[in-house]
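In my numbering, the protein residues as written are -14 to 582.
Backbone N, C-alpha and C define an ideal beta-carbon position, used for all residues, glycine too.
Take a look at the structure below.
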């Protein structure tokens, strides 16, 4: 055990939200440390993001139009943007968080441009395109200049809480295996989503629900955990392209056909002609195409469990000029482009891509635990049940805002003493697989579960029963599987290597603990929400019920530290009234979408 030091603010996670938070905290005069379980500024979802950053384009504000993007839709406004986010989030959004998002976005965009981020093009009337690598590099340069400290390859294991308030973090060095305690007046979680739970996902392998699971175990409330967005048109096969979203980029740019195993186009089964443009070329595509593809996979799926993406109909001239339409794509994926140009298809399916649910925060980005703040995709509430604006904007806005309020809290607070007995208890929990292995014999698992096996079990449950389309029977299977996995983790798992120093099996145990928690929260909330809304579709409840289900589901730890407890709370509103009535899911979406067709 080593002492990692004492800080005013400790930021966990080094993607865009974490970097922006650490920059502001340090520039506010707080002694700041940012932790990353990988390499600082090369971990998390930001590196893989399309880096489409949203801002409104009204002329009288600090907006895209006012920044010189004359081709932006100058008749837009923050009010219109706010309304679209709430309406397209199916009114489940915390409207206070949406207000901060639209109000603060232009300042964050101008700031990036001033710091040197290059804008490549206008993606849409509200979106600019930048390089995710360049974005991270600019933020990292600013972080170093701010005086914030940073550490790579340190896995945060648990939040430390003393007398009801955060006192620090227990972590360990991935390469040495040494436990490290960090003391902090305030902690900001910026750890992203839980993409890694799903075997097929469009995120990074390091996105494993750490922040959500740690916050829950420490006693924080979670919200909207049932809401998971899938990215359609992610490559299944050929294997060397698996996980690539290039077909999604093509579709959004107007290229390609989607075909079932018989070679038939199928979108017409699910959408009226007037909705096809929304399904193919707007941010609605993630919800709409994922729904259609999951449905078609059930009935006419390809051998690999997907559908086909084909550009066989495109003349050679299209492929010769594709670099002009989608800059950089032909150079980055020459083999894939050649395959499509020769008439072969790609097998594609929806992959887990974004998590609308997460840690509950208020408009100050405070969690329900004093001293604990959160920012970015690990939070819930901003986008309700369907994200239609950029997550990159969310990370910048919320990182900035969370750090401002955390700095204020830290300046008004003393350090809470780290509770040594809590640290020792947590170490005992984390050491369980070593003790089980010793009891079984160093190399004799004796049929006992392994951390890797538990990870696979819960991942299979997630992909089978917690895709966009769910039903009560499948969710019951998830609940039973989670119980078995938790029982194994609490006393039965064994590992073959007794060392903690870069031990993949032990890392799997740590990850599996987080996966079990987030899957139980997500599936439990999905079971409770007996309606279909946004990216949550219940096959056994195929209607959107605004009379009974326009409320958020909150998950929290039992008062005695036992079973998870669920409760519902009213949606937080400011200026957008909530609708009533109950309607067929697809009809309800069509009615909302009419104004955007």
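Just the Cα atoms here: how many angstroms apart are residue i and residue j?
i, j, result
"residue -4", "residue 172", "6 Å"
"residue 568", "residue 11", "50 Å"
"residue 477", "residue 435", "8 Å"
"residue 150", "residue 381", "26 Å"
"residue 120", "residue 444", "32 Å"
"residue 461", "residue 455", "11 Å"
"residue -10", "residue 388", "20 Å"
"residue 23", "residue 132", "20 Å"
"residue 55", "residue 114", "Its pLDDT being 48, under 50, residue 55 is placed unreliably by the model, and the measurement read from it follows with that caveat. Computed Cα separation, rounded: 15 Å."
"residue 368", "residue 355", "24 Å"
"residue 519", "residue 271", "10 Å"
"residue 268", "residue 359", "25 Å"
"residue 552", "residue 204", "15 Å"
"residue 530", "residue 573", "10 Å"
"residue 350", "residue 386", "7 Å"
"residue 250", "residue 244", "5 Å"
"residue 212", "residue 159", "31 Å"
"residue 331", "residue 264", "20 Å"
"residue 195", "residue 40", "29 Å"
"residue 599", "residue 71", "The structure shown has nothing for residue 599, since the chain only spans -14 to 582."
"residue 459", "residue 179", "20 Å"
"residue 170", "residue 391", "9 Å"
"residue 396", "residue -7", "8 Å"
"residue 209", "residue 124", "30 Å"
"residue 523", "residue 136", "43 Å"
"residue 45", "residue 91", "Confidence is the limiting factor: at residue 45 the pLDDT is only 43, short of 50, which leaves the residue's position unreliable and the question unanswerable from this model."
"residue 103", "residue 187", "25 Å"
"residue 183", "residue 228", "12 Å"
"residue 526", "residue 566", "15 Å"
Relative to the C-alpha of residue i, which candidate in the options has its C-alpha closest?
i, options, result
"residue 118", "133, 101, 132", "101"
"residue 167", "185, 144, 579, 183", "144"
"residue 451", "508, -10, 141", "508"
"residue 540", "183, 528, 225, 198", "198"
"residue 96", "246, 127, 84, 82", "127"
"residue 122", "416, 114, 1", "1"
"residue 116", "437, 453, 556, 377", "377"
"residue 344", "202, 257, 459", "202"
"residue 231", "-12, 289, 315", "315"
"residue 504", "195, 547, 447", "447"
"residue 300", "290, 286, 129, 323", "323"
"residue 236", "307, 516, 393", "307"
"residue 516", "188, 353, 394, 457", "457"
"residue 420", "398, 180, 481, 392", "481"
"residue 498", "527, 438, 524, 177", "438"
"residue 193", "93, 181, 200", "181"
"residue 361", "370, 339, 353", "339"
"residue 491", "98, 82, 544, 162", "162"
"residue 379", "38, 207, -12, 288", "38"
Assign residue i to one of two classes, buried (16 or more other C-beta atoms within 10 Å of its C-beta) or exposed (fewer than that).
i, result
"residue 374", "buried"
"residue 410", "exposed"
"residue 42", "Confidence at residue 42 is low in this model, with a pLDDT of 49, below 50, so its placement is unreliable and the value that follows should be read with caution. Result: buried."
"residue 440", "buried"
"residue 218", "buried"
"residue -14", "exposed"
"residue 449", "exposed"
"residue 63", "buried"
"residue 475", "exposed"
"residue 342", "buried"
"residue 542", "buried"
"residue 544", "exposed"
Just to check my reading of the structure: residue i and residue j have Cβ atoms closer than 8 Å, yes? What is that Cβ distance to the nearest angstrom?
i, j, result
"residue 175", "residue 363", "7 Å"
"residue 442", "residue 470", "6 Å"
"residue 401", "residue 147", "4 Å"
"residue 549", "residue 512", "Actually they do not touch by this definition, with Cβ atoms about 12 Å apart."
"residue 156", "residue 139", "5 Å"
"residue 384", "residue 5", "3 Å"
"residue 214", "residue 372", "6 Å"
"residue 473", "residue 422", "In fact, because the Cβ distance is near 13 Å, the residues do not count as touching under 8 Å."
"residue 221", "residue 415", "Their Cβ separation, rounded to whole angstroms, is 36 Å, which puts residue 221 and residue 415 out of contact at 8 Å."
"residue 327", "residue 191", "Contact doesn't hold; Cβ gap of about 36 Å is too wide."
"residue 418", "residue 494", "5 Å"
"residue 189", "residue -2", "No, residue 189 and residue -2 are not in contact; Cβ-Cβ is about 12 Å, not under 8 Å."
Is the Cβ of residue i closer than 8 Å to any Cβ of chain D?
i, result
"residue 561", "Annotation note: the requested chain D is absent from the structure, which comprises a single protein chain."
Query raised in the report: Does the count of Cβ pairs from the region 532 to 539 and the region 471 to 487 closer than 8 Å reach three?
Result: When Cβ pairs closer than 8 Å are counted between the two stretches, the region 532 to 539 is seen not to touch the region 471 to 487, the count staying below three.
Query raised in the report: Between the region 326 to 336 and the region 267 to 280, do at least 3 Cβ pairs fall closer than 8 Å?
Result: yes
Query raised in the report: Would you call the region 76 to 90 and the region 554 to 562 in contact, with 3 or more CB pairs under 8 Å?
Result: yes
Query raised in the report: Would you say the region 254 to 266 touches the region 568 to 580, given that touching needs at least three Cβ pairs under 8 Å?
Result: yes
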